[in-house]
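In the working numbering, the protein residues as written are 156 to 338. Let me begin by presenting the structure, written as structure tokens, before commenting on it.
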């Protein structure tokens, strides 16, 4: 329950900051002279594919297939890290276009919203890494595997991770399209 309350709070935070972004962008004296970094499009594809793999993880858990679960978590982690790298490189692209955090309001909110989302991604990556280590340990030992698969706490962790990852996917897709059409 705490995860869903936290996600509701995060949704409100992103909603308020996005509303401020739209208000400040429309209220700006000079129109924005920059466009959305191209790597934001690449990172959107990366997070969508990562979400696809994460969506499959609870199904593998339900089928007692720890090897496939481990692969799904690994791909989600790898693509999540690539998403983070693409975001950081996109910031450098914005800086080279002379869009800074303290400049145009749209640039400021672009940095702020993408950094805030990246911070939440980092939390998801940390928990996914923890779960990957647990799955990797359990997959190598039949006794640990049996205990891991039958533990309702682990099932809850897997489902929570999937829900959180889907939430982050939806938030980024919404932010991406808002950035795309507002700039």
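By construction, the Cβ of each residue, glycine as well, lies at the ideal position given by its N, Cα and C atoms. The structure displayed is predicted, hence computed values, not measured ones.
Buried versus exposed, by CB contacts within 10 Å (16 or more), residue i
i: residue 170; result: exposed
i: residue 307; result: exposed
i: residue 274; result: exposed
i: residue 311; result: exposed
i: residue 227; result: buried
i: residue 225; result: buried
i: residue 238; result: buried
i: residue 240; result: exposed
i: residue 269; result: buried
i: residue 283; result: buried
i: residue 208; result: buried
i: residue 190; result: exposed
Terminal residues of the alpha helix (DSSP H) in which residue i lies
i: residue 311; result: 307-337
Checklist entry - What are the uninterrupted segments assigned as alpha helix (DSSP H) that are 4 or more residues long and contained completely in the stretch 210-298, given in chain order? => result The qualifying runs are 221-251 and 260-294.
Item to check | At least 3 beta-carbon pairs within less than 8 Å: the stretch 203-223 vs the stretch 157-174 | outcome: no
Next on the checklist: Would you call the stretch 318-335 in contact with the stretch 189-204, where contact means no fewer than 3 C-beta pairs closer than 8 Å?
Outcome noted: yes
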